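Structure first, then comments.
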Amino acid sequence: MYIAKDLVAASAAPMVLGILADGESYGYAILARVRVLSGGHIEWTDGLLYPLLHRLEEQGLVEATWGTAENGRKRKYYRITPRGRDSLAEHRRQWRAVTDALRETWGDVKGAAAWSARLAEGMAT
Amino acid sequence: MVRAPRGRDGNVTTPDDEAGFEAQVAQWREFILGRRGVSAADADELESHLRDQAADLQASGLAPDEAFLVAVKRLGAQDEISREFARVHSDRLWKQLVLSGAREVDKGRPDRTRREIWIVVGLAALAALAIKLPSLVGLYMNDQFEFYARNASLFFLPSLAAYFAWKRRASGRTVGVLVASFVAGGILANAYPFASEGQTELLTALHLPIALWLVVGLAYVGGEWRSHPGRMDFIRFTGEWVIYMSLIALGGGVFTGITVGAFSLFGVDAFAFADEWLLPCGAMGAAIVAAWLVEAKQGIIENLAPVLTKIFTPLFAALLAALVVTIPLTWTGKPMDRDALIVLDLVLVLVLGLALYAISARDASDAPGLFDRLQFALVVTALVVDAFVLAGILGRIGEYGFTANRVAALGENLILLANLAWTAWLALGFLRRRRTLAATGRWQTSYVPVYLLWAVAVVALFPPIFSFA
């Protein structure tokens with residue numbers, strides 16, 4: 001399934017924050033997690049995750065530390081901050097409002113169709 | 001793709017493979033570090049990602065060089081990544097270079113970029129030659145000063161317009177308008193029988209460059225003269241061009257001094273050479289080179305200009321406040337002195353330039369801050385000073401009658417007054433959060449044609465009206 005670029009971009013920050021809310025992680029692992037969580041539907045350009053992480057860091061939503069990986073290489077780990085958790089909660093409220101509204105809209109379309117069908121039926125009899 | 005040799009079980013990599021992989025990673029790292037906006041720490045982080053990815057791919061059976069290629073592909077285009085980095089870290093000095101590079105039309109066309117250098121050199125040489133052409137027919141600079149003063153802008157502005165017409169791929173129609181404008185400028189500067197040492201001749205020498213500079217603006221925006229962002233870009237370009245010209249002039253002055261000094265050591269007088277060739281030709285060529293520098297190196301100055309505005313806005317605000325107090329205190333009852341009026345006008349033009357530049361360099365979505373209050377104060381005090389100047393000019397006209405100079409000064413100050421008054425009004429709205437900065441910017445760009453019309457009127461109509469005096 002193809003997911004529009006705008007949608008992917010809009011969901012990127014809340015998704016990263018959500019993944020980091022589960023615990024400290026690093027870029028490569030975050031991307032792997034996104035792939036698993038979305039069932040492979042969400043495809044990020046790997047390199048663009050890092051500018052996003054830096055933006056979140058600048059906004060104080062995550063903090064980063066340099067550490068050493070199991071294989072001895074340098075690796076930058078990211079951790080969510082209390083402000084990041086607040087932001088995540090806000091994101092969730094907004095996304096819920098959007099998805100609820102969408103569900104209502106699409107539900108209404110079905111409801112209206114059923115209603116007009118019934119009306120037509122009533123007029124015919 | 002050439003497959004790398006594999007070990008017996010198809011999965012073991014040879015030391016050769018490893019070395020090749022390392023070399024590829026090192027090369028990749030060098031490339032990404034060469035991008036603006038990417039710091040060494042960013043490269044470390046990306047490299048760590050690349051290695052993780054490549055290791056996973058190798059574990060699933062790919063040869064090191066294949067794994068490298070796939071990992072690099074997944075990481076994405078380097079320019080896209082570096083642009084994003086630059087956006088996030090906007091404090092990194094070179095951000096605009098990257099951002100402007102992205103909207104650069106000639107991106108990925110190195111032949112055009114390479115050709116640009118030669119076109120710039122050619123046009124600069126053309127401008128340098130143009131100023132020496134009149135001497136072929138016996139018009140020398142030291143005894144035909146008026147001729148050179150009237151025509152100064154005609155030597156280099158056509159080359160400048162040609163550069164932008166080429167760069168922006170101007171349409172045939174635009175080129176036609178440009179050529180017609182410069183021909184008209186040449187006729188107006190030279191066909192009128194100006195009286196010797198008259199005011200109208202001086203006014204032509206002062207106003208023709210303004211009119212023709214705005215004609216260059218038409219080439220700069222590629223014929224899209226209605227576009228307000230285009231006009232704002234040209235305003236910005238003008239400021240940056242002035243900065244570059246000043247820098248080149250400083251260097252040129254030192255160079256000339258050293259040239260003359262060095263030759264005098266050997267008993268050769270190079271002063272005539274410097275005076276007749278080096279300075280005039282150098283200045284003309286520099287005008288083209290400065291324009292090219294502004295185009296090529298936008299980022300550096302775009303970061304310098306806001307700093308300069310920030311430094312000079314408070315200083316000019318203080319100067320104007322002092323003038324507002326001093327002028328009434330020292331008023332003797334007689335009309336203001338002519339030289340005083342000229343100096344005050346210069347100050348006002350500089351203030352308008354500062355205000356313009358501050359607007360053009362600001363992010364239009366920013367909220368008003370201390371600097372905007374300061375700028376508002378600057379514009380309001382400038383308004384008061386302009387009112388004094390207008391009163392002074394009207395006083396002189398009442399006392400000594402109309403002359404070309406006084407009418408020109410009157411018109412210019414009225415134009416300035418109208419601009420400043422509306423700017424102040426818009427700035428007040430911005431401070432009270434009723435308007436955005438964009439409104440002020442739009443007002444300034446809408447006002448540009450007024451300058452053009454006035455400059456053309458002074459050049460075309462004033463000489464006959466004031467009988468070329």
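For the record, the sequence lines run as chains A and B.
By this note's numbering, the letter at position 31 of the first sequence is numbered 31, and the numbering carries on one by one without gaps.
By this note's numbering, the letter at position 261 of the second sequence is numbered 261, and the numbering carries on one by one without gaps.
Glycine residues also receive a C-beta, built at the ideal position from the N, C-alpha and C atoms.
Fair warning: this is a prediction, and the values are worked out from it, not measured in the lab.
Does residue i pass the burial test, meaning 16 or more other C-beta atoms within 10 Å, or should it be called exposed?
i: residue 27 of chain B; result: exposed
i: residue 208 of chain B; result: buried
i: residue 7 of chain A; result: exposed
i: residue 17 of chain B; result: buried
i: residue 253 of chain B; result: exposed
i: residue 220 of chain B; result: buried
i: residue 379 of chain B; result: buried
i: residue 158 of chain B; result: buried
i: residue 229 of chain B; result: exposed
i: residue 213 of chain B; result: buried
i: residue 23 of chain B; result: exposed
i: residue 413 of chain B; result: buried
i: residue 370 of chain B; result: exposed
i: residue 102 of chain B; result: No answer about residue 102 of chain B holds up, because its pLDDT of 37 lies below 50 and its placement is not dependable.
i: residue 261 of chain B; result: exposed
i: residue 467 of chain B; result: exposed
i: residue 26 of chain A; result: buried
i: residue 94 of chain A; result: exposed
Taking CB distances under 8 Å as the criterion, tell me whether residue i reaches chain A.
i: residue 24 of chain B; result: no
i: residue 85 of chain B; result: yes
i: residue 76 of chain B; result: yes
i: residue 70 of chain B; result: no
i: residue 88 of chain B; result: yes
i: residue 372 of chain B; result: no
i: residue 42 of chain B; result: yes
i: residue 95 of chain B; result: Residue placement at residue 95 of chain B is poorly supported in this model, since its pLDDT is 36, which falls under 50; the coordinates still yield a value, given next. No, because no Cβ of chain A sits closer than 8 Å to the Cβ of residue 95 of chain B.
I'd like to know whether the C-beta of residue i is nearer than 8 Å to at least one C-beta of chain B.
i: residue 75 of chain A; result: yes
i: residue 41 of chain A; result: no
i: residue 35 of chain A; result: no
i: residue 79 of chain A; result: no
i: residue 83 of chain A; result: no
i: residue 54 of chain A; result: yes
i: residue 51 of chain A; result: yes
i: residue 58 of chain A; result: yes
i: residue 15 of chain A; result: no
So, with DSSP's three-state summary, where would you put residue i?
i: residue 201 of chain B; result: helix
i: residue 238 of chain B; result: helix
i: residue 60 of chain B; result: coil
i: residue 38 of chain B; result: coil
i: residue 85 of chain B; result: helix
i: residue 68 of chain A; result: strand
i: residue 2 of chain A; result: coil
i: residue 447 of chain B; result: helix
i: residue 108 of chain B; result: Since pLDDT at residue 108 of chain B reaches only 44, below the 50 mark, its modelled position is unreliable, and the value read off the structure follows with that caveat. Coil.
i: residue 406 of chain B; result: helix
i: residue 464 of chain B; result: helix
i: residue 213 of chain B; result: helix
i: residue 224 of chain B; result: coil
i: residue 43 of chain A; result: coil
i: residue 255 of chain B; result: helix
i: residue 12 of chain A; result: helix
i: residue 433 of chain B; result: coil
i: residue 194 of chain B; result: coil
Quick one: which chain A residues come within Cβ less than 7 Å of residue i?
i: residue 20 of chain B; result: By Cβ distance, chain A contributes nothing, its closest Cβ being about 19 Å from residue 20 of chain B, past 7 Å.
Residue i bridges to which residues according to DSSP?
i: residue 131 of chain B; result: Beta-bridge pairing links residue 131 of chain B to no other residue.
i: residue 63 of chain A; result: A:79
i: residue 334 of chain B; result: None; residue 334 of chain B has no bridge partner.
i: residue 140 of chain B; result: DSSP output for residue 140 of chain B lists no bridge partner at all.
i: residue 25 of chain A; result: A:78
Residues of chain B with a CB under 8 Å from the CB of residue i: which are they?
i: residue 27 of chain A; result: 45, 48 and 49
i: residue 46 of chain A; result: 49, 53, 74, 75 and 76
May I ask you to check if the CB of residue i is nearer than 7 Å to at least one heavy atom of the ligand GDP?
i: residue 65 of chain B; result: Summarising the ligand content, the structure contains no ligands, and the ligand GDP is consequently not present.
For residue i, which residues in chain A fall below 8 Å Cβ to Cβ?
i: residue 80 of chain B; result: 45, 47 and 48
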